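Residue numbers (this note's numbering): 81 to 657.
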Amino acid sequence: MRKSTVFDGQRGLVTSIFVASLFVNILVLAVPLYMLQLFARVLSSGSVPTLIALSVGAMIALLFYFVFDAIRQRLISRLGTRLEADLGPTVLTVMIQSSSATDRRGTRPIADLHEIRRFVTGPSFTALLDAPWSLLFLAVIFMFSPVLGWISTAGILLLLGMGILSELTGRKPDEQAAEASKSANDIVGEMLRNADVVRSMGKTSALIGRWQGYSFASMIQNTLAVDRIALISALAKFVRFGLQVAILGVGVLLVLAGDISPGVMIATSILMSRAAAPVEHAIAGWRSLLGARAANRRLNELLGAIADGETPIELPEPEGRVTVEGATVVFPNVQDPILLGVDFELRPGDSLGLVGPSGAGKTTLARCLVGLQPLSRGYIRIDDAALTDWPAEQIGRYIGYLPQRVELFDGTIAENIAMMDAAASPAAIIEAAKRADVHKLVLQIPGGYNAPVGLRGELLSAGQRQRIGLARAFYGNKKFIVLDEPNANLDADGEAALSQAVSNATSRGVAVVVVTHRLGILRQLSHAAMLQNGRIARFGKSRDVIDAVAKPLPAGQATDNGKVTVLSGTAQRATVN
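In structure tokens, the structure reads:
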């Protein structure tokens, strides 16, 4: 069972923090009570022993205050650390599993986690912990003097009203500033990733102007939010000081009338200041509270999207039989399906080439085959079990995938082949490189397997990155491999190595799917499928499809009454609706 909210599992620690806050705020009463006793007992009697006894008692109470306050701060620090440590892996897992072309969250969930940790360990959170105990101080003030109690209550209610006003006036511009700031940061990331293109084509000024639009919007909204909250914060300080003056002024009148003693007046002033301080601090830190609350809401939405069901049971090691049944993908706000009713089956050792015009759905189908794109209808099965019924970590060990755009991690070649797995053995890494026929290429690079590839693999050429990505796809005990345009950046030697790698894989009983626009690699595969408008227009032996591609069907014409039936593997059916 996974977490569904940010603070799930932290109940014990939060309870301990509240208990520590209880003792801290009770022990705060030591100072006003000490002041009250000085006026009531010491000044009236002139007894030095009484002064010493009261002073010793007050110091002991303050010592316990120090202990409980230190304990509370340590517990708060532990809460912030535990939140980030416990939630970090879960949030990253959800981000990776839910990442798609339409996902615009980027790294915001991790930034939200940092935001909550900063808030929890900051002064605003402590002020919120102390705020409920303001009622205790008001109750003590009422015990001393109902008149002073009502004055204090009116002042604190006025401060609370300012807090609500700060929320109403500052929330919207603060959220708009955050959205604009994120958009500006995203643009900077895009500019840096495409810096060569931007610089070579003289578009630096144009893109900077685009960034400035979002940046200025963020600054304007941020300034508006800061101005409003700062005004209310300054007004809150004015109210608190005015409340202090009112308490002392009215207190003097009550002393002159003989209703209270001077000690009660001073003690009440101290208690009122303590009761109002958390509210004032909360108003001053309202922006951090707004940011933390928004971050908490977004993270709860992210965590709430996780299915609470049990983790699928591990299945026996797959043989590598792949069955696609009525695979259909429909994107929101897109009129036509991206894929519609795709059916085929591959036996272990089969190889399939996916061809077709751009936008036909080849990459979408490739992503569906490895579980990256959920189906709107239909099933993809590995050994008769739906892909969604396999534990993701288990089936991932048997699937190799090479995306169109190959980006490597900032590490060595060996680390990238092993997908940064610290437990990977050198023998397994070299074996994967040999299977992909890139072992000699790696040895020719200065540093060999220990050569750094740079950020996103920028120290390597596009062809080298693609071949290292190919070795990564072959790493481990793969039963099913999907390669999306694996030869897009390869020269003749690279193409020959790719063909040999696919041949070696199929000879070991691995099912391989290759998305390609080149007929050279297609001739090395056992089967081919031609996609058009999300449907399989032709499916069969690769040589037959290659011949058919040269003579495409007239528009609107189909065979066998709209169904194409061919053999796949050893007398296996492949029916296209």
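Quick reminder that beta carbons are idealized off the backbone N, C-alpha and C, glycines included.
These numbers come from a predicted model, not from an experiment.
Reduced DSSP category for residue i - H, G, I as helix; E, B as strand; rest coil
i, result
"residue 392", "coil"
"residue 478", "coil"
"residue 596", "coil"
"residue 610", "strand"
"residue 493", "helix"
"residue 108", "coil"
"residue 222", "helix"
"residue 259", "helix"
"residue 564", "strand"
"residue 266", "helix"
"residue 466", "strand"
"residue 239", "helix"
"residue 538", "coil"
"residue 591", "strand"
"residue 254", "helix"
"residue 422", "strand"
"residue 428", "coil"
"residue 471", "coil"
"residue 532", "strand"
"residue 547", "helix"
"residue 302", "helix"
"residue 605", "coil"
"residue 454", "coil"
"residue 271", "helix"
"residue 500", "coil"
Cβ-based burial, residue i [other Cβ within 10 Å; buried from 16]
i, result
"residue 165", "exposed"
"residue 447", "buried"
"residue 95", "exposed"
"residue 542", "exposed"
"residue 272", "exposed"
"residue 91", "exposed"
"residue 483", "buried"
"residue 559", "buried"
"residue 442", "buried"
"residue 473", "exposed"
"residue 229", "buried"
"residue 523", "exposed"
"residue 112", "buried"
"residue 242", "buried"
"residue 307", "exposed"
"residue 430", "buried"
Beta-carbon spacing of residue i, residue j below 7 Å
i, j, result
"residue 354", "residue 108", "yes"
"residue 340", "residue 225", "yes"
"residue 613", "residue 548", "no"
"residue 420", "residue 445", "no"
"residue 160", "residue 200", "yes"
"residue 433", "residue 610", "no"
"residue 207", "residue 358", "yes"
"residue 407", "residue 455", "yes"
"residue 220", "residue 351", "yes"
"residue 365", "residue 157", "no"
"residue 309", "residue 349", "no"
"residue 567", "residue 578", "yes"
"residue 615", "residue 628", "no"
"residue 591", "residue 428", "yes"
Contact test: residue i Cβ vs the ligand MG heavy atom, cutoff 6 Å
i, result
"residue 191", "The ligand MG is not part of the structure shown, which contains no ligands of any sort."
Continuous beta strand (DSSP E) stretch holding residue i: start and end
i, result
"residue 489", "From DSSP, residue 489 is part of no beta strand (DSSP E); its letter is neither H nor E."
"residue 415", "No beta strand (DSSP E) contains residue 415, which DSSP labels as neither H nor E."
"residue 408", "402-409"
"residue 617", "615-621"
"residue 458", "457-462"
Residue i: first and last residue of the uninterrupted alpha helix (DSSP H) it sits in
i, result
"residue 431", "No alpha helix (DSSP H) holds residue 431; the beta strand (DSSP E) holding it covers 431-435."
"residue 584", "572-587"
"residue 484", "It is not in any alpha helix (DSSP H) - residue 484 carries neither H nor E in the DSSP assignment."
"residue 88", "Element bounds for residue 88: n/a, residue is neither H nor E."
"residue 212", "Neither: residue 212 is in no alpha helix (DSSP H) and is coded neither H nor E."
"residue 449", "442-449"
"residue 521", "519-524"
"residue 515", "506-515"
"residue 278", "275-280"
Any C-beta of chain D under 7 Å from that of residue i
i, result
"residue 305", "In the displayed structure, chain D is absent; only one protein chain is listed."
Q: Scan the region 139-209 and note each continuous alpha helix (DSSP H) run of 4 residues or more that stays entirely inside, going in chain order.
A: 188-200
Q. Taking only runs of the alpha helix (DSSP H) that begin and end inside the region 315-399, which ones reach a length of at least 4 residues, in chain order?
A. 342-364 and 366-384
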